[in-house]
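Protein chains in written order, with our numbering: chain A, 1 to 343; chain B, 344 to 686; chain C, 687 to 1029; chain D, 1030 to 1372. Cβ coordinates follow ideal geometry from the N, Cα and C atoms, glycine included. Since the structure is predicted, the reported quantities are computational estimates derived from the model, not experimental observations.
4 protein chains.
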Amino acid sequence: MRDPRQVAVVGVTGYSGFELARILLRHPAIQSSVYYLRETHGAQCLGQLFPHLRGSADAPLRPLSLDAITSSAAGTAFLATPHEASAELAPQLLAAGLRVVDLSGAFRFRSADTFTSWYQLPAPDAATLSQAAYGIPELYAEQIKSAPLVANPGCYATSVILALRPLAAFLWIAPGSSVVCDCKSGASGAGKELRRDLQFVELDENFKAYNLFSHRHTPEILEHTGIPESQLTFSTHLLPLARGILSTIYVTLDQPRTADSIEALYRSFYAGRRMIRLWRAGSLPELQHVAHTNFCDIGFALDPSGRRLILVSCLDNLGKGAAGQAVQNFNHMLGLEEHTALQ
Amino acid sequence: MRDPRQVAVVGVTGYSGFELARILLRHPAIQSSVYYLRETHGAQCLGQLFPHLRGSADAPLRPLSLDAITSSAAGTAFLATPHEASAELAPQLLAAGLRVVDLSGAFRFRSADTFTSWYQLPAPDAATLSQAAYGIPELYAEQIKSAPLVANPGCYATSVILALRPLAAFLWIAPGSSVVCDCKSGASGAGKELRRDLQFVELDENFKAYNLFSHRHTPEILEHTGIPESQLTFSTHLLPLARGILSTIYVTLDQPRTADSIEALYRSFYAGRRMIRLWRAGSLPELQHVAHTNFCDIGFALDPSGRRLILVSCLDNLGKGAAGQAVQNFNHMLGLEEHTALQ
Amino acid sequence: MRDPRQVAVVGVTGYSGFELARILLRHPAIQSSVYYLRETHGAQCLGQLFPHLRGSADAPLRPLSLDAITSSAAGTAFLATPHEASAELAPQLLAAGLRVVDLSGAFRFRSADTFTSWYQLPAPDAATLSQAAYGIPELYAEQIKSAPLVANPGCYATSVILALRPLAAFLWIAPGSSVVCDCKSGASGAGKELRRDLQFVELDENFKAYNLFSHRHTPEILEHTGIPESQLTFSTHLLPLARGILSTIYVTLDQPRTADSIEALYRSFYAGRRMIRLWRAGSLPELQHVAHTNFCDIGFALDPSGRRLILVSCLDNLGKGAAGQAVQNFNHMLGLEEHTALQ
Amino acid sequence: MRDPRQVAVVGVTGYSGFELARILLRHPAIQSSVYYLRETHGAQCLGQLFPHLRGSADAPLRPLSLDAITSSAAGTAFLATPHEASAELAPQLLAAGLRVVDLSGAFRFRSADTFTSWYQLPAPDAATLSQAAYGIPELYAEQIKSAPLVANPGCYATSVILALRPLAAFLWIAPGSSVVCDCKSGASGAGKELRRDLQFVELDENFKAYNLFSHRHTPEILEHTGIPESQLTFSTHLLPLARGILSTIYVTLDQPRTADSIEALYRSFYAGRRMIRLWRAGSLPELQHVAHTNFCDIGFALDPSGRRLILVSCLDNLGKGAAGQAVQNFNHMLGLEEHTALQ
């Protein structure tokens, strides 16, 4: 009999996986957790892999084996694996009766074609895709509660969608106008692969734009804001810091609005949502405010005409942008308070 | 008899002033330079003030006195002083026959009203203002050559104007469309004043937007691109690094264009301008490429429709954004090669 | 009737105070906490003071008043106040029946003279001083359990004392030999005061030594290692990062030793002490391993002769070096597990 | 006929090589320079390889070929190549009549055995080794002037040797006492190889010791200070910044000395040496003071007994620690002023 409070975590070598381990290890509802890696390099427990966790994280580490997971009592699996690995593992875990939170991009899109065209990878299994909920609990809590599979969103996408959704839902964006999303991320968002441009000497005192008009998080933003592709421009930049995304978003409103009405719209839209912190007009969130948290902080500035709006949306790319949100989704799947282990 | 190669430098306590000293000390055409400070704290030479310059910069340092400057043979004065101090000093130095390069905002605008409304300070002397050239040599070399006074531009403004001017001049921007300038600067651009948010612990691993819809460089951009205020959105952010500005600029083109035609436009517009480095489509400049230089690097990306253009413009806020450009202006005023001491 | 689980926290404007609040807010044994500040700037709760804590920390904030504290049921007070303020407040709080954990230097020394000569401040009250335990629980747990007042140690001192104490206690240091402690700290250790050398542009890409032969943590190290002043050299440096102290300590051993025997000495000395993590010979702790934790990590390297030993000791200056250790002391005072709220 | 002012530079892909190119490109005495790389990736000039240098550095880049170098008129070769490559190239270039400045470790030691035992590589050619001068011009100017081959020292070694040499030469170090050299370097000193621990996320906000008792610069320090191996402890640490080495050096003096006498010793020892900047007692050099320079700044603090001395020595590991010193050596070899192109 599967117990959803017994969890299997696959792939903790990257930064998101490590952060996931860090949060799960303090999660009060979890009864047992086992970590699986394709290559354990002889390590028996997490503390041997991550010196940061020694003494607080002696959870068992095992070579990855589908059998090992499915023959355990684990009821929930977290996949912090590459897209292809997730595409392969998720259907098998679902078939064995586990529920899955997948941090990869494999199951994030309504249509498998979107995935294949943006990721240049084989289409994920269609039947599995149809069981997936898109994992932003502030927008899709009902689906997440019951979904066998939750596709945890991209970090940039989470930051932009949460900022734009209230305006989009209430049709406050001027029809046909441009929406510009200028996003900046810390280096942990680029992953742990060895890359020249991620070496300290190359990024220190540096800043750059990258993947203009081609970033893979674009289709998530289009699907979940409903803004037409021809109107949305999304750009990404690399900051010389470890953690955090700040998105500056430029919107033309449908009619002149007041700062109060904008604030009221957001407060009402996100009423009761503890992981969203709204800032009053005249003050703006900063990256440090959200580092090492699961919050998404949203602020704004309005020009005197009341027509041009700048939104500022901040989150920790490893927190609300990845591992934190994965646990928030897990909490919804288990009927727990959504901020459990996240404050 | 005044000699333009004998220079007086006023106010070298800030970061721009220090950088100016660093460049002037290696300038081959300068025959003598004297540095003036309101408060010398007993220092007799620059090396006592700046340990970085010991051994290479034992230029004399004197208490600021208008008499001392005007009774010397100095023919050129650089003012790295606050707006009010520049507003007061410049007319007196001009009256005494010196030519002036002013790094403050006091004489940057065609109308004194623009200055007073954006800076909340008394209007600068009108007669002096009428003698001022706006100091971007790539655009106004002729005026600069003969102007008694050159108003050295704002750092953000230089970065944005140089990127937009070719499009604006050739009317390639779609009429009525939004132009979004999302600019990011290192901390030296914020000056040397003691401020909580500029303390190491506050800015390290942080990033934030500031002065949205109210930054003082806005009117410079409006004047020198000709883009109507209602179309231009200019935002500024603070990066956790010391030097550099990167501006990401979003433009809707008047008609579909090719990457080649855009590159050709910029190459032709800036032909012969050594301080502008253009990047081919598909590659983008980064802050490290321009740190400690006087270059402004400009690159771009075009979406498949050929209508949406993203420009990336980089410079060193203390180089081409301040002290470097001041020396470039000085070179034009003296008929020297514009890159003298700047490579 | 005072309840030790009701706590009053005085002075949370500095970095240690903020970190203390962050830890106390998640402490499961605390039944209520009230925060006191000399100047609240109209803020009613911690979240208004620290945007980082909004939503997770709406603990009440009150203007500092001895009456307010003593007329409440609070049984424990934390003082994150300047030395002089602690010297004044602690005796009054003790008199009113509270127990006190003081993060200042006022009560750290056996003799009031040591304090006055190193801090150039009036002597703390002698009767109060005699009730103080020095708050390193790995060394003085018994005293801390029952002490009315615990003097929380200096950050550098903690790092050095924990590394040297086993060798000192077992007389493994060659008599008369030099012990060199070369310590490096992040900028939060220098406090939150506005200082030129702590501005971002000054510390970024910089590194420096400071306070050589005059750092105030020196007498703590002398008292708690027992090494004679003539043998101990202690130096401090400022790192361009926010949090953490790494001390490199050079010892000449009394006789040739093996790495195994050294490791065994430390394992036995710190047996059962969960907040000390010992590293095997051949591996060394790094600052990132201890950032945002309450651990002190200790490693070493031994030269082939077995006589020269280099110890490397790391901790987070706001964690085990300040607020974390304060809570560890509190846990001992209340008979809780020492790592409560610290993992 | 070879012309020493025509230079061949081999291997500019690393950080030292890049810095060397940057300095040579502004060197007024150099009549031509050609850059050679084992793999040019199709680049024809330096600016294609290093975007930083575009517009200022269109020096030719060629595939490495001994023939190409020896058949040119080049009279001087700089080798910024790995130890093995230098060991192979240097004898051949010398045989062809060029003089060589080698930045590798291959020819730094009096005995080939020292090299083989510390580097685990085959011994360099003995005849070549006997023609090599050790390239610290402040100590060995005479040999450097006439040597066919100059072995450019290690960065750490330069910093330590320059600080200790005056004391060692005048026998002011207490016989038999420990000398501790605690050295900290920025990341460019670790080279450009892709390494996990040099990735931004791993080094940002981190600090660590490495290679204790085993760093390859140890034997250089022993040879050129004359301090016995049993007395010298040399440790190295990695700083989260790009450029610079700061060494903190602990010495026990032979007898009580005054600060004045120490300052006088250093001033006299380094009289006329423009690249050494001495600091008065009571002030200390910092890394920022020497970044992007060829200076070695030396300061000190003396304890009240006059017996314990702490030296602080700073330089830029790519400047005086590598490429700058290489050019300083070149200047001596050509009979130029030693600071040519270095200020």
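Between which two residues does the alpha helix (DSSP H) carrying residue i extend?
i: residue 1047/D; result: 1044-1053
i: residue 486/B; result: 480-489
i: residue 1290/D; result: 1288-1298
i: residue 1184/D; result: 1184-1198
i: residue 543/B; result: 543-546
i: residue 47/A; result: 46-49
Step through the CB atoms of chain D and report whether any lies within less than 9 Å of the CB of residue i.
i: residue 204/A; result: yes
i: residue 322/A; result: no
i: residue 200/A; result: yes
If you follow the beta strand (DSSP E) that residue i is part of, which residue opens it and which one closes it?
i: residue 920/C; result: 918-924
i: residue 1281/D; result: 1274-1281
i: residue 1105/D; result: 1103-1108
i: residue 1036/D; result: 1032-1039
i: residue 1096/D; result: It is not in any beta strand (DSSP E) - residue 1096/D instead sits in the alpha helix (DSSP H) that spans 1095-1099.
i: residue 1092/D; result: 1090-1092
i: residue 895/C; result: 894-896
i: residue 641/B; result: 639-645
i: residue 151/A; result: 149-151
So is residue i in contact with chain C if we call contact Cβ pairs under 9 Å?
i: residue 51/A; result: yes
i: residue 293/A; result: yes
Does the beta carbon of residue i come closer than 9 Å to any beta carbon on chain A?
i: residue 712/C; result: yes
i: residue 550/B; result: yes
i: residue 1029/C; result: yes
Does DSSP put residue i in a helix, in a strand, or in coil?
i: residue 310/A; result: strand
i: residue 1156/D; result: helix
i: residue 465/B; result: coil
i: residue 454/B; result: coil
i: residue 345/A; result: The first residue shown for chain A is 1 and the last is 343, placing residue 345/A beyond what the model contains.
i: residue 1354/D; result: helix
i: residue 1221/D; result: coil
i: residue 375/B; result: strand
i: residue 58/A; result: coil
i: residue 818/C; result: strand
Against chain B, with Cβ distances strictly below 9 Å, would residue i count as a contact?
i: residue 1332/D; result: no
i: residue 310/A; result: yes
i: residue 1345/D; result: no
| request: Tell me, please, whether the region 1226-1239 of chain D touches the region 178-189 of chain A by the rule of three or more beta-carbon pairs shorter than 8 Å. | output: Contact holds between the region 1226-1239 of chain D and the region 178-189 of chain A, because three or more Cβ pairs, one in each stretch, are under 8 Å apart.
| Residues in the region 869-882 of chain C having any Cβ partner in chain B nearer than 7 Å | 873, 874, 880, 882
| query | If we count Cβ pairs, one from each stretch, closer than 8 Å, do we get three or more for the region 1184-1193 of chain D versus the region 1160-1168 of chain D? | reply | yes
| Three or more C-beta pairs closer than 8 Å, one from the region 715-733 of chain C and one from the region 256-265 of chain A: is that the case here? | Contact between the region 715-733 of chain C and the region 256-265 of chain A is absent: fewer than 3 CB-CB pairs across the two stretches fall below 8 Å.
| said: Output needed in chain order: residues of the region 606-634 of chain B with a Cβ under 7 Å from some Cβ in chain C. | reply: Flagged: no residues at all.
| said: So if I threshold CB-CB distances at 9 Å, which residues from the region 1031-1048 of chain D count as touching chain A? | reply: 1044
| query | Can we say the region 1176-1185 of chain D touches the region 964-974 of chain C, given the rule of at least three CB pairs closer than 8 Å? | reply | no
| task | Could you say if the region 1319-1329 of chain D and the region 1340-1359 of chain D meet the contact criterion of at least three C-beta pairs nearer than 8 Å? | result | yes
| field | Where the region 583-609 of chain B meets chain C: residues whose CB sits under 9 Å from a CB there | value | 583, 584, 585, 586
| request: Please list the residues of the region 222-238 of chain A that have a C-beta atom closer than 8 Å to any C-beta atom in chain B, keeping them in chain order. | output: 230, 233, 235, 237
| task | Pull out every residue of the region 797-808 of chain C whose Cβ sits closer than 7 Å to any Cβ of chain D, in chain order. | result | Those would be none; no residue qualifies.
| query | Does the pairing of the region 97-107 of chain A with the region 74-89 of chain A give three or more beta-carbon distances under 8 Å? | reply | yes
| task | Output, in sequence order along the chain, the residues in the region 1070-1104 of chain D whose CB is closer than 7 Å to any CB in chain B. | result | 1080, 1081, 1083, 1084, 1085
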